[in-house]
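Visitor: Residue numbers (our numbering): 411 to 720.
Next comes the structure, spelled out in structure tokens:
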């Protein structure tokens, strides 16, 4: 059995979720190959070749893959699928965009957000916003899966020496075109890769207070900033800061939840964090049920005191 991991990258470098996905693929499919679809993406392919446990890297390099549009990437994957028992994507926005298309084209079921591999055809995945874990078995010849990166350790980025093989790129599907992108630039760590996250909720009251209280705390800790859906919906924080079932799934070393009540959808996105600290004046807030350390206090007093001590 051989698994094909679809790399997530920016052409020059691999995204961190690819390393976790490779670990899952090794457990599921034995030998692991990595597909790098892109344009001028030799840098990403070379990085993939150095990952421990990767046997071969396939580089599909062409202008029609420059923006990694889902239709073109899916067609590229399907063109290679006949040689693989498992096709594995990170459970990121990009992976979730491409994987269902591949599964549909191959006429197989998709297995979403696996968090544990029990055997080559049996996996665990969260359901009901992470409140239950389902064990699923697939009888399909090819298993198309997305991997929840928080469930697997990252593969070593060095130590491998896989060959890089260029494969023929598929033609442009003509089904979509790239119009433009608005990218948010930040000196902070990327949310899903951060070791420390400071997240705020609706309890902060306004976008001004959100920034005034949490930015100094995040600066002191070198942390990424996150938010609950309630805070995002209220306009306190941008959409890409949202943590939870409908946002980003994170598992940092330290997660500080400020003014977050702990709705089930939010807990689904952060309860795998190594250490959880909650600051909330409501002693009955659900966030305290998952917190390793809880501070029942007025956040408008507690957070400035914490920053001062740091």
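For glycine and all other residues, C-beta sits at the position ideal for the given N, C-alpha and C.
Compare the beta carbon distance of residue 552 and residue 434 with 8 Å and say whether it is the shorter of the two.
Guide: Reading the chain shown from its first residue, position 142 is the one you call residue 552. Reading the chain shown from its first residue, position 24 is the one you call residue 434. Their beta carbons are not under 8 Å apart, which means residue 552 does not touch residue 434 by this criterion.
Visitor: Starting from residue 706, trace the beta strand (DSSP E) in both directions and tell me its first and last residue.
Guide: For the purposes of this step, residue 706 is identified with residue 296 of the chain shown, where counting begins at 1. Run containing residue 706: 703–706, per the beta strand (DSSP E) assignment.
Visitor: Are the CB atoms of residue 661 and residue 647 within a distance shorter than 8 Å?
Guide: Position 237 of the chain shown holds residue 647. Position 251 of the chain shown holds residue 661. No; because the gap between Cβ atoms is not below 8 Å, this pair is not in contact.
Visitor: Helix or strand or just coil, what does DSSP make of residue 618?
Guide: Within the chain shown, residue 618 is the residue found at index 208, counting from 1. Residue 618 falls in the helix class under three-state DSSP.
Visitor: For residue 695, does the count of other Cβ atoms within 10 angstroms reach 16, so buried, or fall short, so exposed?
Guide: Within the chain shown, numbered from 1, the residue matching residue 695 stands at position 285. The residue is buried, with at least 16 neighbouring Cβ atoms inside 10 Å.
Visitor: Judging by CA-CA distance, which residue of 476, 554, 589 and 628 is the nearest neighbour of residue 491?
Guide: Walking along the chain shown from the start, residue 491 turns up at place 81. Residue 491 has its Cα closest to that of 554, out of 476, 554, 589 and 628.
Visitor: Would DSSP call residue 500 helix, strand or coil?
Guide: One-based indexing of the chain shown puts residue 500 at position 90. Residue 500: strand per DSSP, three-state reduction.
Visitor: Less than 8 Å between C-beta atoms, sequence neighbours within five positions excluded: which residues of the same chain meet that for residue 639?
Guide: By 1-based counting over the chain shown, the position of residue 639 is 229. Once the five neighbours on either side are set aside, the close Cβ partners of residue 639 are 652, 654, 656, 657, 673, 675 and 676.
Visitor: In angstroms, rounded to a whole number, what distance separates the CA positions of residue 682 and residue 584?
Guide: As a first step, residue 682 must be located in the chain shown, where it is residue number 272. As a first step, residue 584 must be located in the chain shown, where it is residue number 174. Approximately 41 Å, taken between the alpha carbons.
Visitor: How would you call residue 547, buried or exposed, if buried means at least 16 neighbouring beta carbons within 10 angstroms?
Guide: Start at 1 with the first residue of the chain shown, and residue 547 comes out as number 137. Exposed, since its Cβ has fewer than 16 Cβ neighbours within 10 Å.
Visitor: Is the CB-CB distance between residue 688 and residue 704 below 8 Å?
Guide: Translated into positions along the chain shown, residue 688 becomes position 278. Translated into positions along the chain shown, residue 704 becomes position 294. Yes, they are a contact pair.
Visitor: Report the rounded CA-to-CA distance for residue 541 versus residue 473, giving the unit in angstroms.
Guide: Reading the chain shown from its first residue, position 131 is the one you call residue 541. Reading the chain shown from its first residue, position 63 is the one you call residue 473. When rounded, the distance between both Cα atoms is 43 Å.
Visitor: Taking 8 Å as the cut-off, decide whether the C-beta atoms of residue 571 and residue 459 are in contact.
Guide: Taking the first residue of the chain shown as position 1, residue 571 is located at position 161. Taking the first residue of the chain shown as position 1, residue 459 is located at position 49. Taking 8 Å as the Cβ cut-off, residue 571 and residue 459 qualify as a contacting pair.
Visitor: Tell me which residue opens and which closes the beta strand (DSSP E) that residue 664 is part of.
Guide: Numbered from 1 along the chain shown, position 254 holds the residue referred to as residue 664. First-last of the beta strand (DSSP E) with residue 664: 664–668.
Visitor: Rank 577, 421 and 532 by C-alpha distance to the C-alpha of residue 477 and give the top, closest one.
Guide: Start at 1 with the first residue of the chain shown, and residue 477 comes out as number 67. Closest option to residue 477, Cα to Cα, is 421.
Visitor: At the level of alpha carbons, what is the spacing between residue 643 and residue 539?
Guide: Here residue 643 refers to the residue found at position 233 when the chain shown is read from its first residue. Here residue 539 refers to the residue found at position 129 when the chain shown is read from its first residue. So the two alpha carbons sit approximately 19 Å from each other.
Visitor: Hey, out of 521, 604, 671 and 431, whose CA is closest to residue 562's CA?
Guide: Reading the chain shown from its first residue, position 152 is the one you call residue 562. Cα-wise, what sits closest to residue 562 is 431.
Visitor: Tell me which residue opens and which closes the alpha helix (DSSP H) that residue 697 is part of.
Guide: Along the chain shown, one-based indexing puts residue 697 at 287. Counting along the chain, residue 697 falls outside any alpha helix (DSSP H), and DSSP gives it neither H nor E.
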